[in-house]
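Asks: Starting off with a structure, shown below.
In my numbering, the protein residues as written are 37 to 215.
What follows is the structure, given as structure tokens:
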């Protein structure tokens, strides 16, 4: 029989409750008062898999709240962060391998519908910005040409039909094409 691999630890009084699972190597840490009936209500959450940090965040009134960080290859640098307000996802960030520079950022309306998505290049320069309708279809796509001086903005209707194309040079509108 395998050793218990999930441990619930109180951050307040260092009391430990050991739960036995035979099919996973996972360690969760909770504040004791936030873990009645095996459900997190309040306090910090930490998940370790085979001794490496994989996820951390916090709960408030039984809902995810604040910043949640997710670790993939490096337990010291998150690969993604979610921002919650009373259980509602507000923003998601995907980071480059260094764990510091953004690769992609999405914002949400509080009901997990995306509102805006920005994708960044390796140098941190904005490459593509998308504004999204509530139905999930793209409303506007703002594409930056790598020199940063030119950009094209594509506008769509709520059925994702292209309706307008705007060309900018040095942030000045130089041409509008109505489709």
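Just so you know, even glycine gets a beta-carbon here, dropped at the ideal spot from N, CA and C.
What are the boundary residues of the beta strand (DSSP E) that residue 150 is part of?
Replies: If you number the chain shown from 1, residue 150 lands on position 114. Note, residue 150: beta strand (DSSP E), 150 to 156.
Asks: Let's test the definition: count the other Cβ atoms within 10 Å of the Cβ of residue 129 and tell me whether it reaches 16, buried, or not, exposed.
Replies: As a first step, residue 129 is located in the chain shown; it is residue number 93 there, counting from the start. Per the 10 Å Cβ criterion, buried.
Asks: Just to confirm the assignment: which complete beta strand (DSSP E) runs, minimum length 3, are found wholly within the region 71 to 154?
Replies: DSSP runs (the beta strand (DSSP E)) wholly in the region 71 to 154: 79 to 85, 88 to 96, 99 to 106, 116 to 121, 124 to 131, 138 to 144.
Asks: Using the C-alpha atoms, what's the distance from residue 169 back to residue 92?
Replies: In the chain shown, residue 92 corresponds to position 56, counting from 1. In the chain shown, residue 169 corresponds to position 133, counting from 1. Their Cα atoms are separated by approximately 31 Å.
Asks: Which residues in the same chain have their Cβ closer than 8 Å to the Cβ of residue 88, if we skip the five residues on either side of it in sequence?
Replies: As a first step, residue 88 must be located in the chain shown, where it is residue number 52. If we look at residue 88 and ignore the five residues flanking it on each side, its Cβ neighbours are 107, 111.
Asks: Who are the Cβ neighbours of residue 165 in its own chain at under 6 Å, not counting the five residues just before and after it?
Replies: The residue given as residue 165 occupies position 129 in the chain shown. Within the same chain, residue 165 has close Cβ partners 154, 178.
Asks: Please check the pair residue 205 and residue 191, which I expect to be a contact at CB under 8 Å, by giving their CB distance rounded to whole angstroms.
Replies: Locating residue 205 in the chain shown gives position 169, where the first residue counts as 1. Locating residue 191 in the chain shown gives position 155, where the first residue counts as 1. About 18 Å separates the two Cβ atoms, so there is no contact after all.
Asks: Can you check whether the CB of residue 131 is closer than 8 Å to the CB of residue 150?
Replies: Residue numbering aside, residue 150 sits at position 114 when the chain shown is read from its first letter. Residue numbering aside, residue 131 sits at position 95 when the chain shown is read from its first letter. Not a contact, by the Cβ cut-off of 8 Å.
Asks: Is the Cβ-Cβ distance between residue 125 and residue 144 less than 8 Å?
Replies: Numbered from 1 along the chain shown, position 89 holds the residue referred to as residue 125. Numbered from 1 along the chain shown, position 108 holds the residue referred to as residue 144. Yes, the pair counts as a contact, with Cβ atoms nearer than the cut-off.
Asks: Please classify residue 120 as buried or exposed, where buried requires at least 16 neighbouring CB atoms within 10 angstroms.
Replies: For this step, residue 120 is matched to residue 84 along the chain shown. Per the 10 Å Cβ criterion, buried.
Asks: Tell me, please, which residues DSSP counts as bridged to residue 167.
Replies: Here residue 167 is taken as the residue at index 131 of the chain shown, counted from 1. Answer is 152, 176, bridged to residue 167.
Asks: Select from 202, 156, 198, 188 the residue whose C-alpha is nearest the C-alpha of residue 174.
Replies: On the chain shown, position 138 is the one that residue 174 refers to. Closest by alpha carbon: 198.
Asks: Enumerate in chain order the residues of its own chain whose CB-to-CB distance from residue 212 is below 7 Å, with the five nearest sequence positions on each side excluded.
Replies: Residue numbering aside, residue 212 sits at position 176 when the chain shown is read from its first letter. Within the same chain, residue 212 has close Cβ partners 200, 202.
Asks: Less than 7 Å separating the Cβ of residue 191 from some heavy atom of the ligand ADP?
Replies: Judged by which ligands are present, the structure shown has none, so any question about the ligand ADP falls away.
Asks: What did DSSP end up calling residue 58 once you bin it into helix, strand or coil?
Replies: Your numbering for residue 58 matches position 22 in the chain shown. Low confidence applies here, because residue 58 scores a pLDDT of 33, under 50, leaving its location unreliable; read the following figure in that light. It is coil, neither helix nor strand.
Asks: Got a sec? Which residues, its chain only, sit under 6 Å from residue 69 by beta carbon, not counting five neighbours each side?
Replies: Position 33 of the chain shown, counted from the start, is the residue given in the question as residue 69. Unreliable positioning characterises residue 69 in this predicted model, as indicated by a pLDDT of 42, which lies under 50. A coordinate reading is not provided.
Asks: Around the C-beta of residue 118, are 16 or more other C-beta atoms found within 10 angstroms, so that it is buried, or is it exposed?
Replies: Position 82 of the chain shown, counting from 1, holds the residue named residue 118. With 16 or more Cβ atoms within 10 Å of its Cβ, residue 118 is classed as buried.
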